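Visitor: Residue numbers (this note's numbering): 5 to 257.
Built from N, CA and C at the ideal position, the CB exists for glycine as well.
Everything numeric in this text was worked out from a predicted model, so none of it was measured.
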Amino acid sequence: MRLEYSARTDTGRKRKGNEDSFIINDEEGLFVVADGLGGHAAGEVASRLAVESIEEFVRMTGSDREITWPFEIDDSMPLDANRLKIALRLANRKVIKFPEERHEYQGMATTVVSMLFSDSTIYIGHVGDSRAYRVRDGQITQLTNDHSWVNEQVVSGVLTSNQARNHPLRNVVTRAVGSRWDLQVDLLTEDAKDGDLYLLCSDGLSTMLDDDEILQILKAASTAEAACERLIERANEAGGEDNITAIVIRCQA
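#1: Is it the case that the stretch 158-174 contacts the stretch 64-77, given that we only count it when at least three CB pairs across the two stretches are under 8 Å?
#2: Pull up the distance between the alpha-carbon of residue 107 and that of residue 52, whole angstroms please.
#3: Taking Cβ positions, are residue 134 and residue 39 nearer each other than 8 Å?
#4: Judging by CA-CA distance, which residue of 218, 179, 170, 119 is the nearest neighbour of residue 27?
#5: Can you tell which of 158, 183, 189, 227 has the C-alpha that lies nearest to the C-alpha of residue 202?
#6: Please report the straight-line C-alpha distance between residue 242 and residue 14, rounded to a whole angstrom.
#7: Work out the CA separation of residue 90 and residue 75 for me, nearest whole Å.
#8: To the nearest angstrom, report how far apart residue 240 and residue 72 are at their CA atoms.
#9: Can you tell me which of 36, 238, 136 puts its alpha carbon nearest to the alpha carbon of residue 148?
#10: When the Cα atoms are used, what is the spatial distance from residue 200 to residue 256?
#11: Under 8 Å, do residue 94 and residue 57 count as touching if we go by C-beta distance?
#12: Please list, in chain order, all residues of the same chain as residue 193 whose beta carbon is under 8 Å from its beta carbon, the five residues on each side excluded.
#13: Leaving out five residues on either side along the sequence, give the residues of the same chain with a beta carbon under 7 Å from the beta carbon of residue 221.
#14: Tell whether a beta-carbon distance below 8 Å holds between residue 10 and residue 229.
#15: Taking the continuous beta strand (DSSP E) assigned at residue 95, which residues delimit it?
#16: Between which residues of its own chain and residue 198 is the CB-CB distance below 7 Å, once the five residues before and five after are set aside?
#17: Are the Cβ atoms of residue 8 and residue 34 separated by less than 8 Å?
#18: Measure the C-alpha to C-alpha separation of residue 150 and residue 132 and round it to an integer number of angstroms.
#19: Three-state secondary structure (DSSP) at residue 69?
#20: Enumerate in chain order the residues of its own chain whose CB-to-CB distance from residue 246 is below 6 Å, with the five nearest sequence positions on each side excluded.
#21: For residue 223, which of 100, 112, 160, 140 has the nearest alpha-carbon?
#22: State the DSSP-derived secondary structure class of residue 162, mapped to helix, strand or coil.
#23: Can you give me the C-alpha to C-alpha distance between residue 18 and residue 182, rounded to a whole angstrom?
#24: Residue 189: which of 115, 110, 100, 49 sits nearest, CA to CA?
#25: Go ahead and pull the three-state DSSP assignment for residue 29.
#26: Give the range of the beta strand (DSSP E) segment to which residue 122 is assigned.
#27: Report yes or no: is there a C-beta of chain B within less than 8 Å of the C-beta of residue 43?
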């Protein structure tokens, strides 16, 4: 599977700094977006630490399969699925430990959404409310479920999707890298097909644009780069209330 991809991050119109981070390792087929949480630049530190930690572990286990892993491998899952899930668990450990000697960063955490391509199989590791989308045959599908308070209310029938989009607690996440030692990482498996489009994004994009507008932008763009630029532009035009990060990936057999 050949991949055409592009990534972009933007501070948005309301924030002074950018606490989002992303990283791409083309050789390993790894794509990661993180949205940091915590004041006084702690969110920026958390998101950068997480994406760099994930990339480092995936890279090291790709080149040296004999390396000692920090957690036990789940024999029920393929090796590459283990690589990604353990990479997120290791990032969680590092984000928790970082403030031990740097107390100004106490309480920092970050969302993470990540993809690891293994031929035509994609493993998606996810914690928080950053999202992964797929566009196939003209239809858009949100692949990840938000780990957020408002999404829990939608699932339980307390709020509608429209109410959740504008709720004052819409930014409250219920799960984040760096929040607890026994972090649960969601891992999904996806079979990529020729012509598929994938989007990884922070909530600064998904709260500004609904799924239909995201779909129209992805379908209209001639390149992944053009899609990224237009998504960021439209999110800012819609208010730009948060930092905005997007990675767009086109799959070609």
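Guide: Taking the geometry as given:
#1: Output reads no: the stretch 158-174 does not touch the stretch 64-77.
#2: 18 Å
#3: For residue 134 and residue 39, yes; Cβs fall inside 8 Å.
#4: 119
#5: 227
#6: 14 Å
#7: 7 Å
#8: 44 Å
#9: Residue 148 has its Cα closest to that of 136, out of 36, 238, 136.
#10: 8 Å
#11: yes
#12: The answer, listed in chain order, is 85, 125, 126, 127, 128.
#13: 231, 234, 235, 238
#14: yes
#15: Run containing residue 95: none in the beta strand (DSSP E); it sits in the alpha helix (DSSP H), 83-101.
#16: 255, 256, 257
#17: No; because the gap between Cβ atoms is not below 8 Å, this pair is not in contact.
#18: 6 Å
#19: coil
#20: 16, 208
#21: 140
#22: coil
#23: Those two C-alpha atoms are separated by around 25 Å.
#24: Of 115, 110, 100, 49, the smallest CA-CA separation from residue 189 is found for 115.
#25: DSSP places residue 29 in strand when its eight states are reduced to three.
#26: 113-122
#27: Here there is only one protein chain, and chain B is not present.
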